Amino acid sequence: MALSLPDTSIRLTALVRHNATLMLREPGPVISRLVQPLVLITLMHPLYAAALAAEGAQAGTVQVVTGMLVMFSLLALSVVGTGIMTERSWRTWDRLRSTPTPAAELLSAKAVPAFALLVVLQAEVIAFGVAVFGLRVPDPALLAVAVASWALALLGIGMALGAVLRSQSELHVAYDIGGILFSALGGALIPSGELPGWARAIAPVSPGYWAMGALRSALRDQAAATLRDAAVLAGVAVAACALTAWRMSRGAPRSRLL
Amino acid sequence: MIAFEACGLVKTYGTKRALDGFTLRVAAGEIAGLAGRNGAGKTTFVEVVAGLVRPEAGRVRVRGVDALARPRTARAMIGVCPQETALYPAATVAEHLRLFGALAGLRGTALRRAVDDIAERMDLTDIAGQPAGLLSGGQRKRTQAATALIAERPLLLLDEPTVGADPATRAQLLAVVADRAAAGAAIVYTTHYLPELAELNATVAVAQAGRVVARGTQAELSLERVNALLVAGGPGREDGDGAVAA
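Protein chains in written order, with our numbering: chain A, 1 to 258; chain B, 1 to 246.
If you want it as structure tokens, here you go:
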């Protein structure tokens, strides 16, 4: 019997293809997250444009596009976390763990399709803003940095929740309440400056706050502010991914319901 | 030649000691039938050897490799078929086989050949394009076993692989298991169904309260006696290394 440790690239390719296939075979949640922000941007643009007219012609467009982008990408965390949770409930995670594949590779392969989804979602919303409402993108590369850092942070948070929480029920509570709360605190629904004082004070605990900052700064061509906020998001991503890898390498927590 | 040995494994969950000095050695080409009542520690033992659970004490060696110190190297030598069926409902039978074949290190022509071979042996060829979520119970059992058997491994851990399987599925699986043993693999086969052990000409180990209390060939330890041990709860304990229970 010939023995050899399989190459990382072979395993990763097989796992990424497998995870992408699983995601595409059940496209409902993905389609939902892609369509909803476009509908809301269209309906709410006149309101934001009128409310923020004093700040310039682009202000309302920037607010509604970045706000809906942040809110719906936070809600899209459910797609990421559910991918981990279902592996646990199907017991397939242990099957993968009993192969020579390290936990870091298993999680990376899970992350690649999810990261692609999060980038596509953001790119779609921005492209919609540009095409329909004349959103200006002064520096696409700077905006790409903001988009990528936010996608990484979302990915890390989604995977960490999928790894740490014990049931789909807990996951839904975390995503629905957390998504709305972090969106609102981050200034996605109401501009940060209009939030109550107490909310402004705690807003920086929300990753959405830094995402709104990075995206808005990128659309205003403010490189330093964009990079600062993107760095905070990258830090969130690293911490969340480390927590996920640690938790999943030890075996996932089991709910009575799983 | 001893291909696999587990010595003195201890694993505790809360106040329950699932493994309490579990010891088992299996030679290359040997099928070791592991019998025991529910809660005897069989599945925990399989999970420890598969690297899913870390014991508090003891050691595991697969072909001389310390599986606790070098788990990835050890896992590359182990095929695992867990007790519970664990498949992706949206993935087809062929996709399962290709995935687990690739994770086992097969690629290209070798992977395609292995997929075709195991699909034919386990009677999966006609349903290769069907999603697992649409399979019958027997088809799911065969698919799961095929993912564990697709690559030739020096050690196979089969945890009650025929529970709920129809006679045809059971016969197909036992035939493949016997072939793998003939090719030199060491096999740990847990079961409640003792006639399977006779059919496989397996040696027998009886687990009770987290350790092996009787061990031997079927000539030394008849299945009738094993059955009596299981029903009665078993006599005194023993070290589980090639000797017959008192």
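C-beta atoms are modelled at their ideal positions from N, C-alpha and C, and glycine is treated no differently.
This one's a predicted model, so the numbers in the text were calculated from it and none came from an experiment.
Check, Outcome
"Exposure label - Trp93 of chain A; buried when at least 16 CB within 10 Å", "buried"
"Contacting positions in the stretch 75-104 of chain A - beta carbon closer than 8 Å to chain B", "Trp90, Arg91, Thr92, Asp94, Arg95, Leu96, Arg97, Ser98, Thr99, Pro100, Thr101 and Pro102"
"Residue-level contact to chain A via CB, Tyr13 of chain B, 8 Å cutoff", "no"
"C-alpha distance - Tyr13 of chain B paired with Gly108 of chain B, whole-angstrom precision", "43 Å"
"Beta-carbon separation (whole angstroms), Glu124 of chain A vs Leu233 of chain A, contact threshold 8 Å", "Going by Cβ atoms, the distance from Glu124 of chain A to Leu233 of chain A rounds to 20 Å, so no, they are not a contact pair."
"Neighbour-count burial assignment, Glu26 of chain A, 16 or more Cβ in a 10 Å radius", "exposed"
"Rounded separation between Arg251 of chain B and Val80 of chain B - CA only", "Given that chain B is displayed from residue 1 to residue 246, the structure contains no residue 251 of chain B and the question cannot be resolved."
"Member of B:Leu230, B:Leu173, B:Val115 and B:Ala146 whose CA lies at the smallest distance from the CA of Ala86 of chain B", "B:Ala146"
"Start-end ranges of the beta strand (DSSP E) lying completely within the stretch 162-243 of chain B, minimum 3 residues", "186-190, 203-208 and 211-216"
"CA-to-CA distance, Pro102 of chain A to Trp246 of chain A, given in whole angstroms", "12 Å"
"Best match in A:Pro207, A:Tyr209 and A:Thr42 for proximity to Val130 of chain A [C-alpha to C-alpha]", "A:Thr42"
"Alpha-carbon to alpha-carbon, Asp117 of chain B and Ala214 of chain B", "37 Å"
"Backbone CA spacing between Ala184 of chain A and Arg17 of chain A [nearest angstrom]", "36 Å"
"Own chain partners of Leu158 of chain B with C-beta closer than 6 Å, once the 5 adjacent residues on each side are dropped", "Cys81 and Tyr189"
"C-beta contact flag for Ser206 of chain A and Gly186 of chain A at 8 Å", "yes"
"Residue range of the unbroken alpha helix (DSSP H) whose run includes Arg216 of chain A", "Pro207 to Leu219"
"Residue(s) in a DSSP beta bridge with Asp66 of chain B", "B:Arg61"
"Environment of Met1 of chain B [buried if 16+ CB atoms lie within 10 Å]", "exposed"
"Listed by chain order, chain A residues near Val115 of chain B by CB distance under 8 Å", "Near Val115 of chain B there are no residues of chain A at all, since even the closest Cβ is about 12 Å away, more than 8 Å."
"Within chain A, partners of Arg107 of chain B - CB distance below 7 Å", "Ile10"
"Near-chain B residues of the stretch 26-53 of chain A (beta-carbon distance less than 7 Å), N- to C-terminal order", "Glu26"
"Inter-residue Cα distance where the pair is Ala40 of chain B and Gly8 of chain B", "15 Å"
"Straight-line Cα distance separating Leu118 of chain A from Leu152 of chain A", "9 Å"
"Buried versus exposed, by CB contacts within 10 Å (16 or more), Gly133 of chain B", "exposed"
"Same chain, Cβ closer than 8 Å to Ala27 of chain B, neighbours up to 5 away in sequence not counted", "Met1, Ile2, Ala3 and Ala186"
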